[in-house]
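Read in this note's numbering, the sequence shown has 383 at position 224, and its numbers run on one by one without any break. Think of the CB as a built atom: it goes at the ideal place given N, C-alpha and C, for glycine as much as any other residue. Take a look at the structure below.
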Amino acid sequence: MKEITYVQAIAEALAEELERDEKVFCIGEDIQTGTFGATAGLVKKFGPDRIMDTPISETAIAGAAVGSAMTGYRPVADFMFADFMYIAFDEILCKAAKWRFMHEGTQQIPVVFMAAMGGYLGLGAEHSQSPVSYYMHTPGIKVVVPSTPYDAKGLMKSAIRDNNAVVYLYHKALLGSTGEIPEEEYLVPLGQADIKREGKDVTLVATGMQVQFALNIAEQMKDKVSIEIIDPRSLEPLDIDTIVKSVEKTGRAVVVDEDTSRCGAACEISMQIVEKAFDYLDAPVQRVAAKNYPIPPGAMEKFVLPQPQDIIDAVEAVMG
């Protein structure tokens with residue numbers, strides 16, 4: 160095992176896949192420089208034909224990626240900020256998500272749409288969103304949200320090798336976080352949740368940055384309550400079976416996600432728990448998510464984004 164940062168894990172996954180398969184290439188804004196570090200240095204090894212800087216045109220980036228995927232390439236389209244992907248929604252949600260089905264399986268769309276999401280850095284409403292629910296809601300799109308270096312690398316490699324369109328959203332506030340990964344090659348399958356911490360009193364389902372909040376809270380509250388933490392890792396496909404199995408054991412559930420509470424990932428997961436594990440629940444499911452309000456810049460964002468105390472309050476609520 161070796162210790163590595165979250166962003167280094169992403170860069171290492173990209174480098175290994177570029178080395179393994181000449182059909183893999185990266186395209187996006189400032190990726191030769193690597194704004195967040197995920198693609199930094201790759202152009203020196205693989206050249207500008209495979210690490211392709213583009214003009215500021217998200218629709219062109221997505222369209223070029225989808226078109227090249229249909230001709231046998233495996234592009235990774237980097238949009239820098241997840242907020243910028245909205246501009247390319249027609250290519251992502253209507254073309255990449257649907258064309259494999261519209262062409263009766265004769266076309267494959269092995270494309271990864273990659274971007275940094277999330278708040279807690281004071282960057283304001285247009286640079287701090289976690290728009291996972293748009294993709295989770297859209298049939299034909301797979302959605303990946305890694306919370307650790309181990310998952311960041313393994314999920315990226317699996318996403319690149321998948322024959323469907325995958326949205327890979329990594330969290331800006333986790334870039335410098337560290338963790339251990341194997342020296343040898345490994346993959347993390349899409350659709351396989353991970354039990355980050357075992358417990359017996361409460362099931363806490365968390366995504367992305369919220370997983371780190373949850374782990375800290377579970378340690379902080381360990382003398383009062385035993386919290387089991389489930390990280391879905393991919394939201395589509397969603398491993399609801401692992402979540403339900405945990406709820407059957409604990410009898411209580413808290414679901415935490417950084418997207419908005421209304422129509423967000425936490426809402427969907429909570430409802431699936433109610434549908435599939437209602438008879439095992441000893442308390443109503445608690446949902447913790449961002450308020451339905453634009454994320455303010457600076458210190459004011461704490462009034463919109465979910466905070467650790469919100470998670471603590473939810474755990475205490477289900478415990479009665």
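Run through the DSSP bridge pairs and tell me what residue i is partnered with.
{"i": "MET276", "result": "HIS330"}
{"i": "LYS486", "result": "Lying before the first or after the last residue shown, residue 486 is absent from the chain, which here runs from 160 to 479."}
{"i": "VAL302", "result": "VAL326 and GLU395"}
{"i": "LEU346", "result": "DSSP lists no partner for LEU346."}
{"i": "VAL271", "result": "VAL235 and VAL325"}
From the DSSP output, in three-state form, read off residue i for me.
{"i": "MET459", "result": "helix"}
{"i": "GLN445", "result": "strand"}
{"i": "LEU282", "result": "strand"}
{"i": "LEU314", "result": "helix"}
{"i": "PRO465", "result": "coil"}
{"i": "PRO290", "result": "coil"}
{"i": "HIS262", "result": "coil"}
{"i": "LYS254", "result": "helix"}
{"i": "LYS450", "result": "coil"}
Applying the criterion that 16 or more other CB atoms from any shown protein chain within 10 Å of the CB defines a buried residue, is residue i buried or exposed?
{"i": "MET368", "result": "buried"}
{"i": "MET244", "result": "buried"}
{"i": "GLU357", "result": "exposed"}
{"i": "TYR452", "result": "exposed"}
{"i": "LYS176", "result": "Sequence check: residue 176 is Glu here, not Lys. So GLU176 ends up on the buried side."}
{"i": "MET315", "result": "buried"}
{"i": "HIS330", "result": "buried"}
{"i": "ASP438", "result": "exposed"}
{"i": "PHE201", "result": "Here residue 201 turns out to be Leu, not Phe, going by the sequence shown. Looking at its Cβ environment, which holds 16 or more other Cβ atoms inside 10 Å, LEU201 is buried."}
{"i": "PRO348", "result": "exposed"}
{"i": "LEU280", "result": "exposed"}
{"i": "GLN379", "result": "exposed"}
{"i": "ASP472", "result": "exposed"}
{"i": "PHE372", "result": "buried"}
Can you check whether the C-beta of residue i is within less than 8 angstroms of a C-beta belonging to chain D?
{"i": "ILE210", "result": "Checking the listed chains, one finds no chain D in this structure; it contains a single protein chain."}
- prompt: What beta strand (DSSP E) runs, 3 residues minimum, are completely inside the region 348–428?
  reply: 353–356, 361–365, 386–390, 393–395 and 412–419
- prompt: Quick check: the region 235–253 against the region 332–345, are there 3 or more CB pairs under 8 angstroms?
  reply: no
field: the region 213–221 touching the region 183–190, judged by at least three CB pairs closer than 8 angstroms
entry: yes
message: Does the contact criterion of 3 or more C-beta pairs under 8 angstroms hold for the region 254–273 versus the region 319–339?
response: yes
query: Do the region 292–311 and the region 356–367 meet, that is, are 3 or more Cβ pairs less than 8 angstroms apart?
result: yes
message: In chain order, what are the residue ranges of uninterrupted alpha helix (DSSP H) at least 4 long that sit wholly in the region 173–251?
response: 201–205 and 217–229
field: Touching by the beta-carbon criterion (3+ pairs, under 8 angstroms), the region 444–460 and the region 413–430
entry: yes
- prompt: How about the region 306–317 and the region 387–397: do they share at least three Cβ pairs that are nearer than 8 angstroms?
  reply: Flag = yes, the region 306–317 and the region 387–397 touch.
- prompt: Using 8 angstroms as the threshold, is the region 421–431 in touch with the region 285–299, meaning 3 or more CB pairs across them?
  reply: yes
- request: Evaluate the contact criterion for the region 261–270 versus the region 226–240: three or more CB pairs, one atom per stretch, below 8 angstroms.
  value: yes
field: the region 193–200 contacting the region 230–240, beta-carbon criterion three pairs below 8 angstroms
entry: Contact between the region 193–200 and the region 230–240 is present: 3 or more CB-CB pairs across the two stretches fall below 8 angstroms.
query: Is it a yes or a no for the region 454–465 touching the region 428–444, going by three-plus beta-carbon pairs under 8 angstroms?
result: no
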